[in-house]
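Numbers in my numbering are just positions in the sequence shown, counted from 1, shifted up by 8.
Reviewing the structure listed below.
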Amino acid sequence: MSSLTPAIMFQGTCSNAGKSVLTAALCRILLQDGLRVAPFKAQNMSLNSFVTREGGEMGRAQVVQAQAARLDPDVRMNPVLLKPSSDTGSQVIVMGRPVGNMTVNDYLAYKPQAFVAVQAAYDSLAGEYEVMVLEGAGSPAEVNLKAHDIVNMPMARYAQAKVLLVGDIDRGGVFASFVGTMEILDDWERELIAGYVVNRFRGQKSLLAEALTYMEQRTGKPVLGVVDYLANLGLPEEDSVNFKAGLFSPHRPTGEHVTLALIDLPHISNFTDFEPFLAEPDLFVKIARTPADLADADGVILPGSKNVIADLKWLFNSGLAEALKKYRGEGREIVGICGGFQMLGISIDDPYHIESAGESLTGLGLLDLATVLERDKTLTRQSGRHLASGLAVHGYEIHHGQSRATGTCDILTFDNGESGGAGNPAQTIWGTYLHGIFDADPFRRWFIDRLRQRRGLAPLNSVQASYDLEPAFDRLAEAVRSQLDMSAIYGLLGK
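This is the structure:
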């Protein structure tokens, strides 16, 4: 049995119901009210990950929630991270360290061991805080998953957490989803449900009065909040669901601007590296999936990938590889981050079967760079200086690949003296393993201004947008506080 730290948990009627954002919101609300609060998610499946100061890997969603609570991210907040590498397999990371690549059946056999680690992480973390805010995954009513679930109701029972069931009314059928979920749950699971939260509502809330009354009469559980559809939150996304659905499809600026094409790799990871660009007033970020999508781009970014071997093949099969090679002759800027950096090189070898059956592939050949996917995974925080601009950058590295560059120029130098990237002499093609390099406002502006100059536009020479999450957390907390029954929630916490 866990510690007796008061705990509340958001579970959902489906994936992407808004659990992660509501968890972050409640963490900030409780912090504002003077409580020491920490987030927790037993198991996260995501290709967006982060490296802690101690060198452990965890999901970005719990990083954002930690930031909402003004805490340094801690792998105990997300003790199990699954990073899908194929339709039927994932790299399994426990307490910040990879334990292996597993098929679905392999992981099912491993789950009891994983849950032991989850419980130990929760007890350790909960013992240091006054309140815990937990997040579930998907839905607790997935009948094909319930028997071996470790993240929803079994975790709520272990933490003695009351559960708020979140439904996305924007998708339609939210009340049927609530009722259906309750019908599928076992008696002990229904006992843990304290109420419902209707999320992403648009319109006049008084029109919901009859439905809210019906829910309590039908299930015996109240609706404890109706939260508006909150657009443009300015917070990093948890996974690729919203990315694939068009998160990076803003309106093209009407004034002078440049265009940056972000290639949508099938196994794209850490696309949050590029969210800081979305606030820039003179930059249009477009998603590229075909060669035609690159036609008007001033710059192209090859992002990170969880399966570099498969995504490199896709680049060649889609025609994008040839299009990028053509760009080399036109002098337009091509940037690779992590897996994208590896693809820019001449070869990628996978002798230890990290992402394939031991394949060796020819890269794009845009940089004289040879990469080997090694058994050990590099997990480290870094800071340094970008050489051409002289500006400070910071971020983290997550990669199995080790790259050897010849005939290239250093792009940045880390504070420990190591090289942080490589590029061609003209620096029109370059790459780095540093995730988060564009988080630094002055460097991001320098990069955009260089694209402007190549287009014949004058540089702006000053920061136009600040990538600061603090105001976003406070705006989120203000909106959610006013729409949740906070008195009832504090009652559930015994406060």
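For glycine and all other residues, C-beta sits at the position ideal for the given N, C-alpha and C.
Which class does residue i belong to by DSSP, given the choice of helix, strand or coil?
i      : result
Asp482 : helix
Ile497 : helix
Asp357 : strand
Pro230 : coil
Lys503 : coil
Pro13  : Reading off the sequence, residue 13 comes out as Thr, not Pro. Three-state result, Thr13: coil.
Arg44  : coil
Thr60  : coil
Arg208 : strand
Thr21  : coil
Val249 : Unreliable placement is indicated for Val249, whose pLDDT of 49 sits below 50; the coordinate value is still reported in the next sentence. Helix at Val249.
Leu34  : helix
Lys213 : helix
Glu283 : helix
Leu268 : strand
Ala466 : coil
Thr262 : coil
Val343 : strand
Asp236 : strand
Ala296 : strand
Lys49  : coil
Glu367 : coil
Ser277 : strand
Gly242 : coil
Asp288 : It should be pointed out that residue 288 corresponds to Glu in this sequence rather than to Asp. Looking at Glu288 - three-state DSSP - the assignment turns out to be coil, as it is neither helix nor strand.
Ile445 : helix
Leu39  : helix
Ala202 : strand
Using the Cβ count rule (16 or more neighbours within 10 Å means buried), how would you classify residue i?
i      : result
Ala303 : exposed
His361 : exposed
Tyr115 : buried
Ser495 : exposed
Pro467 : exposed
Lys333 : exposed
Val88  : buried
Thr221 : exposed
Ala50  : buried
Val235 : buried
Pro504 : Any property of residue 504 remains undetermined from this structure, which presents the chain solely from 9 to 503.
Asp306 : buried
How about residue i: is its Cβ closer than 7 Å to a heavy atom in the ligand SAH?
i      : result
Asp157 : No copy of the ligand SAH appears in this structure; indeed no ligand is present at all.
Measuring straight from C-alpha to C-alpha, what distance separates residue i and residue j?
i      : j      : result
Leu399 : Pro289 : 21 Å
Ile356 : Gly312 : 14 Å
His275 : Glu218 : 44 Å
Ala434 : Arg336 : 11 Å
Gln212 : Ala287 : 30 Å
Thr416 : Asn432 : 5 Å
Ile497 : Lys503 : 9 Å
Val249 : Asn24  : Residue placement at Val249 cannot be trusted, given a pLDDT of 49 that sits under 50; what the coordinates show is reported in the next sentence. Val249 and Asn24: Cα-Cα distance of roughly 8 Å.
Ala300 : Gln99  : 34 Å
Ser277 : Tyr404 : 14 Å
Asn315 : Asn109 : 12 Å
Ala413 : Ala396 : 18 Å
Asp82  : Glu136 : 12 Å
Lys91  : His408 : 13 Å
Arg210 : Gln390 : 42 Å
Thr386 : Glu65  : 10 Å
Thr436 : Phe349 : 13 Å
Glu241 : Asn424 : First, the amino acid is wrong: residue 241 is Leu here, not Glu. C-alpha separation (whole angstroms): 36 Å.
Val266 : Ile456 : 8 Å
Gln410 : Asp157 : 36 Å
Arg36  : Gly347 : 34 Å
Arg165 : Leu273 : 39 Å
Gly146 : Gln19  : 8 Å
With residue i and residue j assumed to form a contact (beta carbons below 8 Å), what rounded beta-carbon distance in angstroms separates them?
i      : j      : result
Ile177 : Val205 : The pair is not a contact, with the Cβ atoms about 10 Å apart (cut-off 8 Å).
Ala430 : Gly439 : 6 Å
Asn4   : Phe279 : Residue 4 is absent from the model: the chain starts at 9 and stops at 503.
Gln491 : Gly233 : 5 Å
Val59  : Thr388 : 6 Å
Arg84  : Ala129 : 4 Å
Leu34  : Val141 : 5 Å
Ile309 : Leu268 : 7 Å
Gly464 : His402 : Actually they are not in contact, since the Cβ atoms of Gly464 and His402 sit about 32 Å apart, beyond 8 Å.
Arg452 : Pro284 : 6 Å
Thr31  : Glu143 : 5 Å
Pro47  : Gln70  : 6 Å
message = List, from N- to C-terminal side, the beta strand (DSSP E) runs of 3 residues or more that fit wholly inside the stretch 93-152.
response = Counting only runs of 3 or more, we get 97-102, 105-111, 139-143.
request  = With a floor of 4 residues, list each alpha helix (DSSP H) that falls wholly inside the stretch 299-341, ordered by position along the chain.
outcome  = List check, alpha helix (DSSP H) in window: 316-326, 328-338.
key: Contiguous beta strand (DSSP E) assignments of at least 3 residues, all confined to the stretch 375-436   = As far as the stretch 375-436 is concerned, its whole beta strand (DSSP E) runs of at least 3 residues are 377-394, 400-413, 420-422, 429-431.
ask   = Curious, which full-length alpha helix (DSSP H) runs of at least 4 residues does the stretch 154-189 contain?
value = Whole alpha helix (DSSP H) segments, 4+ residues: 161-167.
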